[in-house]
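With our numbering, you'll find the sequence shown wraps up at 424, consecutive numbering, no jumps. Ideal Cβ placement from N, Cα and C applies to all residues, glycine included.
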Amino acid sequence: MAGTLVVHFGHPMSSSFPTIPRHSITTSRRLLLPSTAATITAKAKLANLSAQFSAAPRLKAFKSTSAMAELPKTMKAVQIDQTGGVDVLQYRDVPVPGDLKDGEVLIKNEFIGINYIDTYFRSGVYNPPSFPYTLGREGAGTIAALGPNTPSDLKINTRVAYFSGNSYAEYVRATSDKVMPLPSSIDTKTAAASPIQALTALTLIRESHPVQAGDWILVTAAAGGVGLWLCQLLKAVGAKTIATASTAEKRELAKQNGAEVTLGYYEEDREKFVQEVLKITGGEGVAAVFDSVGKATFDSSLKVVKRMGSMVSFGNASGPVTGFALSRLTDKNIKLLRPSLTSYITSREELLPYANELWKFIEKDGLSVKIHDVYPLKDVKRATEDIESRKTTGKLLLEP
Numbered sequence: 025m026a027g028t029l030v031v032h033f034g035h036p037m038s039s040s041f042p043t044i045p046r047h048s049i050t051t052s053r054r055l056l057l058p059s060t061a062a063t064i065t066a067k068a069k070l071a072n073l074s075a076q077f078s079a080a081p082r083l084k085a086f087k088s089t090s091a092m093a094e095l096p097k098t099m100k101a102v103q104i105d106q107t108g109g110v111d112v113l114q115y116r117d118v119p120v121p122g123d124l125k126d127g128e129v130l131i132k133n134e135f136i137g138i139n140y141i142d143t144y145f146r147s148g149v150y151n152p153p154s155f156p157y158t159l160g161r162e163g164a165g166t167i168a169a170l171g172p173n174t175p176s177d178l179k180i181n182t183r184v185a186y187f188s189g190n191s192y193a194e195y196v197r198a199t200s201d202k203v204m205p206l207p208s209s210i211d212t213k214t215a216a217a218s219p220i221q222a223l224t225a226l227t228l229i230r231e232s233h234p235v236q237a238g239d240w241i242l243v244t245a246a247a248g249g250v251g252l253w254l255c256q257l258l259k260a261v262g263a264k265t266i267a268t269a270s271t272a273e274k275r276e277l278a279k280q281n282g283a284e285v286t287l288g289y290y291e292e293d294r295e296k297f298v299q300e301v302l303k304i305t306g307g308e309g310v311a312a313v314f315d316s317v318g319k320a321t322f323d324s325s326l327k328v329v330k331r332m333g334s335m336v337s338f339g340n341a342s343g344p345v346t347g348f349a350l351s352r353l354t355d356k357n358i359k360l361l362r363p364s365l366t367s368y369i370t371s372r373e374e375l376l377p378y379a380n381e382l383w384k385f386i387e388k389d390g391l392s393v394k395i396h397d398v399y400p401l402k403d404v405k406r407a408t409e410d411i412e413s414r415k416t417t418g419k420l421l422l423e424p
């Protein structure tokens, strides 16, 4: 007796897709040659099954397979092989980052932000984790590839800003907890200039010293990137800012960005600076100092902090503070902080509320960033010399 072969045809992705259990196939000991008609019928069914397979959708094991195929193998980047002066900066070809891990995205940079901290890594004030080391910590562009398990609001071609290492390059790998989707109202230049400096300023007034309306606040280097954001944000929340800057031009810029009063540094007579601040505040002093200059301004800034106020040191532009005795804080119960943005924002849950607040300040309160200049990525040495000269105002950007 001839055997019987039973096969049910269904869509290959549906529950009716054919399975052929062992018990559904029975055969006799003697094979029977099929007739010509049976052969034609079988071939037709096989052709139909093949067509169904071809038309069926395929499951994607990696969300960015098609995007990855379009990426170049190499890109331009700025790296250092050792610490030192601007001459250690190398503009070279390097591999495009690949093998994205869970939650990682690959971003094609449109603009890259320059920050003073970049010079610390280049010069050796901070130690790079390894060599060669790609400099940079922020930028903005579009997502070019996605790793597994990325948040649903991050898709291929999504416009984003980010703060993440190794940004001096055409492409950068970033974890999703450092990536912010951009509203359509925020242009890419503004976005690239904002992540570190604007979010630093925002966390300073929200976390380091929660600023209240009416507070007097002293901001050093007020015409720099963070300084201008601080002037605007402090004005927006109702505080009064005493802004210090080295030139009349810079002081005027700080005033245009919301500073109540501007002062020079009184480098030849810092005690006069102290007396000026006390006079402005009615002898009480300031509720907080946000100081990014460091060694040159720290001592006199500490003297103008009022009782139970805050001395917030977040930069070393003139060199690190050394030889400080903690007992100096005792008389007025002053709080001394050395905050960092990456310690305030450690997850996407912490990032997005700050990002959304920042975009609202820009959209509704008219906050803006002054772009000092945009340099081609290959001109990074000139850009670095400019920021280290302390003659620039506002933000410097690189363009790949």
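Using a Cβ-Cβ cutoff of less than 6 Å, which residues in the same chain neighbour GLY288 once the five nearest sequence positions on both sides are dropped?
As a first step, residue 288 must be located in the sequence shown, where it is residue number 264. If we look at GLY288 and ignore the five residues flanking it on each side, it has no Cβ neighbours.
Could you name the residues that DSSP lists as bridge partners for ALA272?
As a first step, residue 272 is located in the sequence shown; it is residue number 248 there, counting from the start. The partner list for ALA272 (beta bridge, DSSP) is empty, contrary to what the question assumes.
Could you check which residue in GLY418, LEU420, THR370 has the C-alpha nearest to that of VAL203?
As a first step, residue 203 must be located in the sequence shown, where it is residue number 179. Nearest of GLY418, LEU420, THR370 to VAL203, Cα basis: THR370.
Identity of the residue in LYS274, THR268, GLY249, VAL235 nearest LYS509 by Cα:
Past the edges of the chain, shown from 25 to 424, lies residue 509, and the structure says nothing about it.
Any idea what DSSP makes of LEU427, helix, strand or coil?
Only positions 25 to 424 of the chain appear in this structure, which leaves residue 427 out of reach.
In terms of alpha-carbon separation, which member of GLY282, GLY251, THR244 lies closest to GLY262?
Counted from its first residue, the sequence shown places residue 262 at position 238. Measuring from the Cα of GLY262, the nearest candidate turns out to be GLY282.
8 Å contact criterion, which VAL404 and TYR192 should meet: CB distance rounded
The residue given as residue 404 occupies position 380 in the sequence shown. The residue given as residue 192 occupies position 168 in the sequence shown. The pair is a contact, with the Cβ atoms about 7 Å apart (cut-off 8 Å).
Cα separation between THR366 and ALA312?
For the purposes of this step, residue 366 is identified with residue 342 of the sequence shown, where counting begins at 1. For the purposes of this step, residue 312 is identified with residue 288 of the sequence shown, where counting begins at 1. Using only the alpha carbons, I get a separation of about 21 Å.
Beta-ladder partner(s) of PRO205, from DSSP:
Looking up residue 205 in the sequence shown gives position 181. According to DSSP, PRO205 bridges with VAL184.
Buried or exposed, going by whether 16 or more other CB atoms sit within 10 Å of the CB of ARG116?
Working through the sequence shown from its first residue, we reach residue 116 at position 92. By the 10 Å Cβ count, ARG116 comes out exposed.
Contacts around LYS274, its chain only, beta-carbon distance under 7 Å, and the 5 residues preceding and following it disregarded
Along the sequence shown, read from residue 1 onward, the residue named residue 274 stands at position 250. Within the same chain, LYS274 has close Cβ partners ALA247, THR417.
Extent of the continuous alpha helix (DSSP H) to which THR107 belongs:
Walking along the sequence shown from the start, residue 107 turns up at place 83. That residue, THR107, is in no alpha helix (DSSP H); it is neither H nor E in DSSP.
Using a 10 Å radius around the Cβ and a threshold of 16 neighbouring Cβ atoms, would you call GLN106 buried or exposed?
Start at 1 with the first residue of the sequence shown, and residue 106 comes out as number 82. Flag for GLN106 reads exposed.
So who's on the other strand from THR98, going by DSSP bridges?
Mapped onto the sequence shown, residue 98 falls at position 74. DSSP lists PRO119 as partners of THR98.
Within the same chain, show all residues whose beta-carbon is closer than 6 Å to that of LYS359, passing over the 5 residues directly before and after it, in chain order.
Within the sequence shown, residue 359 is the residue found at index 335, counting from 1. Closer than 6 Å at the Cβ level, and outside the excluded window around LYS359, lie SER334.
As assigned by DSSP and simplified to three states, the class of TYR368:
Taking the sequence shown and counting its residues from 1, one reaches residue 368 at position 344. Correct three-state label for TYR368: helix.
Residues that TYR399 bridges to, as DSSP identifies them:
Within the sequence shown, residue 399 is the residue found at index 375, counting from 1. LEU422.
Helix, strand or coil: which one does DSSP assign to SER48?
Translated into positions along the sequence shown, residue 48 becomes position 24. Model confidence at SER48 stands at a pLDDT of 39, short of 50, so the residue's coordinates are unreliable; what they give is reported in the following sentence. Helix at SER48.
Tell me whether the beta-carbon of VAL129 lies closer than 8 Å to the beta-carbon of ILE167.
Numbered from 1 along the sequence shown, position 105 holds the residue referred to as residue 129. Numbered from 1 along the sequence shown, position 143 holds the residue referred to as residue 167. The answer is yes: Cβ separation under 8 Å.
Is THR265 buried or exposed, if buried means 16 or more other CB atoms sit within 10 Å of its CB?
Your numbering for residue 265 matches position 241 in the sequence shown. That one is buried.
Helix, strand or coil for ARG161, going by three-state DSSP, please let me know.
Here residue 161 refers to the residue found at position 137 when the sequence shown is read from its first residue. ARG161 falls in the coil class under three-state DSSP.
Residues bridged to SER337 by DSSP?
Reading the sequence shown from its first residue, position 313 is the one you call residue 337. SER337 pairs with ASP315.
Using a 10 Å radius around the Cβ and a threshold of 16 neighbouring Cβ atoms, would you call LYS296 buried or exposed?
The residue labelled residue 296 in the question sits at position 272 within the sequence shown. It counts as exposed.
Buried or exposed: where does ARG331 fall if 16 or more other Cβ atoms within 10 Å of its Cβ makes it buried?
Start at 1 with the first residue of the sequence shown, and residue 331 comes out as number 307. Under the 10 Å beta carbon count, ARG331 is surrounded by fewer than 16 other beta carbons and is classified as exposed.
If we ignore side chains and look at the alpha-carbon of each, how far apart do VAL102 and ALA216 end up?
Working through the sequence shown from its first residue, we reach residue 102 at position 78. Working through the sequence shown from its first residue, we reach residue 216 at position 192. The C-alpha of ALA216 is placed about 17 Å away from the C-alpha of VAL102.
May I have the straight-line CA-CA distance separating ARG473 from THR214, to the nearest angstrom?
The requested residue 473 is not part of the displayed model; the chain covers only 25 to 424.
Taking its Cβ as the centre, do 16 or more other Cβ atoms sit within 10 Å of ARG406, making it buried, or is it exposed?
For the purposes of this step, residue 406 is taken as the residue at position 382 of the sequence shown. Label assigned to ARG406: exposed.
With three or more C-beta pairs closer than 8 Å as the rule, is the stretch 306-325 touching the stretch 339-357?
Yes, the stretch 339-357 is in contact with the stretch 306-325.
Would you check if the distance between the CB atom of ILE210 and the CB atom of ILE386 is smaller than 8 Å?
Locating residue 210 in the sequence shown gives position 186, counting from the first residue. Locating residue 386 in the sequence shown gives position 362, counting from the first residue. Closer than 8 Å, so yes.
Would you mind giving the Cβ-Cβ distance between VAL329 and ILE304, rounded to the nearest angstrom? I have them listed as a contact below 8 Å.
The count along the sequence shown starts at 1 and reaches residue 329 at position 305. The count along the sequence shown starts at 1 and reaches residue 304 at position 280. VAL329 to ILE304, Cβ: 14 Å. No contact.
Cβ-based neighbour list, PRO363, same chain, cut-off 8 Å, excluding 5 preceding and 5 following
Counted from its first residue, the sequence shown places residue 363 at position 339. Closer than 8 Å at Cβ, skipping near neighbours: THR227, LEU228, GLU231, SER232, VAL336, PHE338.
For ALA269, I'd like the list of residues in its chain whose CB is within less than 6 Å of its CB, leaving aside the five on either flank, ordered along the chain.
On the sequence shown, position 245 is the one that residue 269 refers to. Excluding residues within five positions, the ones whose Cβ falls inside 6 Å are ALA246, ALA247, ARG275, ALA278.
What does the Cβ neighbour count give for PHE348, buried or exposed, with the cut at 16 atoms within 10 Å?
The sequence position of residue 348 within the sequence shown is 324, counting from 1. The residue in question, PHE348, is exposed, as its Cβ has fewer than 16 Cβ neighbours within 10 Å.
Check ALA19 in the structure and name its three-state DSSP category.
Because the chain is modelled from 25 through 424, residue 19 falls outside the range shown and cannot be assessed.
Out of LEU113, SER188, GLY108, state which residue places its alpha-carbon closest to the alpha-carbon of LYS100.
By one-based count along the sequence shown, residue 100 stands at place 76. Among LEU113, SER188, GLY108, the Cα nearest to that of LYS100 belongs to LEU113.
I'd like to confirm the pairing. Which residues does DSSP put opposite GLY171 in its beta bridges?
Here residue 171 corresponds to residue number 147 of the sequence shown, with the count starting at 1. According to DSSP, which records beta bridges pairwise, GLY171 is partnered with nothing at all.
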